[in-house]
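Enquirer: Those protein sequences? They're chains A and B, same order as listed. Take the first sequence: its letter number 174 is residue 174 in the UniProt record's numbering, and every next letter is one higher. Take the second sequence: its letter number 67 is residue 67 in the UniProt record's numbering, and every next letter is one higher.
Protein chains: 2
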Amino acid sequence: MPRPPAPRKTTGRPARISREEIIRTARRIVTEDGADRLTMRRLATEIGSTPMALYHHVRDKEELLLLLLDDHAARSLRRPEPPPADPRDRVLAAATAIHEVLAACPWIVEVLTADDLMSTSALWFVEQIVAGLTESGLSLDEAVRGYRTIWYYTAGEILVHATSARRRSTDDRPTYRDQVFAALDPAELPLLSRAAPRWTPLTAEDTYEQGLRALLTGLLSHTPA
Amino acid sequence: MPRPPAPRKTTGRPARISREEIIRTARRIVTEDGADRLTMRRLATEIGSTPMALYHHVRDKEELLLLLLDDHAARSLRRPEPPPADPRDRVLAAATAIHEVLAACPWIVEVLTADDLMSTSALWFVEQIVAGLTESGLSLDEAVRGYRTIWYYTAGEILVHATSARRRSTDDRPTYRDQVFAALDPAELPLLSRAAPRWTPLTAEDTYEQGLRALLTGLLSHTPA
DNA sequence: GCTACTTTTCTTACATGTATAAAAACTTAC
DNA sequence: GTAAGTTTTTATACATGTAAGAAAAGTAGC
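Here it is in structure tokens:
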């Protein structure tokens, strides 16, 4: 039975590496060589430790990437100065800021699906979104639902784009989409056939904000279901 | 130059396994034991072959999962009978049908981010969405953009929910969200603090259709950007 | 000093996806 | 028949995340 009446220093073997050092080194590897070069073994080697030692400071690789995302958000997220007066514009500004920061993270795919709040650094922006929605007439519950709807849209946009971008760089096989479009039957799917040549350029367009505006319009319109 | 005037058989070593057999066996494993039990080694064993033999019929595991998703969609997707008369309702019905089928696929997370058209079986539904949007007054380009916006929202909703569901079943650690909410400062984030106890129940609600309706309202409102 | 306890680190081992190259099983040309 | 060519299958090997347990390095009480 250990009975530590005098809470002196810390007992046990002293740590030689810290979570901060892990994150710092991981960030360096990612920025220098890309996210796919970040392995637990390499990270351990560069820190001068062993892979399993990392696991005492980080639950698993996914948590490490989450910490990396948080680190990135804390450095990059800038609150709009001055905040827009119109509540709708505040929602737009906050969501766009979050989207912008996330879109810059290549390793995001493995983490983003984690939860709906990805970073403490982003909480202020979430608050802005909920605030803008309530000031526009939504109840608190409705505003939270509205935020979550915006989050789904944002996460989906980022994930789909990030994955297809990664695929383009890793892979030279024709996309599934190309195969599908090549075999379209104009009789059965007339609009898709007509749209086929326009599809790829339309996909490349950055329409996040446009979609966000539409979504916001709908959220604030109070149409009866 | 081989000139096969008599369309004999095919040249080369005859195949002992087929893509269909692979998919069939994979489907059985997934339905019987869950998607996480589907490994290339086990699949090969159950077919009576070797892991690498699979790779002649399937590019990699991701393609296998994509084929599995397609298979699932082909079996489950049912066209609404009769199709709703109102174009807006047709969009709703088609998107909801896709959402429903995808939400039933546990292995979807690894595949869904693949592209914006995940299954040939779903093309008819995509056509319905684009058609409903054009009939509501959008140009073809706008309708395709609108479809993609709907797709981002749908994919995001599915991915976020699927991942958090998986986490709950695999994991007993407190969620990141719980940790974040436990440390909220009501002075700085008043709305989030107030919403904190309501957050988890709100997350559990199925609000896909509600969000979709809002999005659709916005897409059809033609608000100037 | 020594023993008990705690915390961190290290060693070893395994499951997994898949790259690579060799072998096998065919057809066709002679 | 044999040789060449083609396609599928198999054997082997590697990189990766990480589980399990032993070892190390400290503190506290004696």
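C-beta: ideal position from N, C-alpha, C; glycine also. All figures in this text were calculated on a predicted structure; none of them were measured in a lab.
If you draw a straight line from the alpha carbon of residue 29 (chain A) to that of residue 79 (chain A), how long is it in whole angstroms?
Expert: 28 Å
Enquirer: Tell me the start and end of each unbroken alpha helix (DSSP H) in the stretch 148-207 of chain A that is at least 4 residues and wholly inside, in chain order.
Expert: 176-182 and 190-204
Enquirer: Where does residue 121 (chain A) fall in DSSP's three states?
Expert: helix
Enquirer: Classify residue 154 (chain A): buried if its beta carbon has 16 or more other beta carbons within 10 angstroms, exposed otherwise.
Expert: buried
Enquirer: Along chain A, which residues have their Cβ under 9 Å away from the Cβ of residue 153 (chain B)?
Expert: 149, 152, 153, 156, 157, 211 and 215
Enquirer: Return the chain-ordered list of same chain residues with a C-beta closer than 7 Å to the C-beta of residue 146 (chain B), the five sequence neighbours on each side being excluded.
Expert: When the five nearest sequence neighbours on each side are left out, the beta carbons in the same chain lying within less than 7 Å of the beta carbon of residue 146 (chain B) are those of 133, 138 and 219, in order along the chain.
Enquirer: Determine the extent of the alpha helix (DSSP H) in which residue 68 (chain B) is found, giving its start and end residues.
Expert: That run of the alpha helix (DSSP H) goes 61-76.
Enquirer: What would DSSP say about residue 39 (chain A), mapped onto helix, strand or coil?
Expert: coil
Enquirer: Against chain A, does residue 189 (chain B) count as a neighbour if the rule is that its beta carbon must be under 9 Å from one of theirs?
Expert: yes
Enquirer: Since residue 18 (chain A) and residue 74 (chain A) are thought to touch, with beta carbons under 8 Å apart, how far apart are those beta carbons, to the nearest angstrom?
Expert: So it is not a contact: roughly 17 Å between Cβ atoms.
Enquirer: List, in chain order, every chain B residue whose beta-carbon is nearer than 7 Å to that of residue 127 (chain A).
Expert: 189, 191 and 192
Enquirer: Throw me the rounded Cβ distance for the residue 136 (chain B) and residue 213 (chain B) pair, which I believe falls under 8 Å.
Expert: At roughly 14 Å, the Cβ-Cβ gap does not stay under 8 Å, so residue 136 (chain B) and residue 213 (chain B) are not in contact.
Enquirer: Are the CB atoms of residue 97 (chain A) and residue 162 (chain A) nearer to each other than 9 Å?
Expert: Remark: C-beta atoms of residue 97 (chain A) and residue 162 (chain A) do not approach each other more closely than 9 Å.
Enquirer: Using a C-beta to C-beta distance shorter than 9 Å, which residues of chain A count as neighbours of residue 141 (chain B)?
Expert: Under a criterion of Cβ atoms nearer than 9 Å, the residues of chain A adjacent to residue 141 (chain B) are, in order, 195, 198 and 202.
Enquirer: Under a three-way DSSP split, which group does residue 131 (chain A) fall into?
Expert: helix
Enquirer: Assign residue 11 (chain B) to one of three DSSP states: helix, strand, or coil.
Expert: coil
Enquirer: Just to confirm my understanding: we take residue 99 (chain A), look at its own chain, exclude 5 residues before and 5 after, and list those with CB closer than 6 Å. What are they?
Expert: 154 and 208
Enquirer: To the nearest angstrom, how far is it from the Cα of residue 131 (chain A) to the Cα of residue 152 (chain B)?
Expert: 24 Å
Enquirer: Hey, how far is the Cα of residue 14 (chain B) from the Cα of residue 197 (chain A)?
Expert: 39 Å
Enquirer: Is there a Cβ from chain B that is less than 9 Å from the Cβ of residue 221 (chain A)?
Expert: yes
Enquirer: Give every residue of the same chain whose Cβ lies closer than 7 Å to the Cβ of residue 44 (chain B), excluding the five residues on either side of it in the sequence, and list them in chain order.
Expert: 50, 51, 53 and 54
Enquirer: Can you give me the C-alpha to C-alpha distance between residue 108 (chain A) and residue 72 (chain A), rounded to a whole angstrom?
Expert: 11 Å
Enquirer: Taking the C-alpha atoms as reference points, what is the distance between residue 90 (chain A) and residue 129 (chain A)?
Expert: 7 Å
Enquirer: At the 9 Å Cβ level, is residue 131 (chain A) part of the contact set with chain B, yes or no?
Expert: At a cut-off of 9 Å between C-beta atoms, residue 131 (chain A) counts as an interface residue with respect to chain B.
Enquirer: Can you grab the Cα-Cα spacing for the pair residue 69 (chain A) / residue 166 (chain A), in whole Å?
Expert: 18 Å
Enquirer: Counting only beta-carbon atoms, is residue 96 (chain B) nearer than 9 Å to chain A?
Expert: Contact with chain A is absent for residue 96 (chain B), since none of that chain's Cβ atoms lies less than 9 Å from the residue's Cβ.
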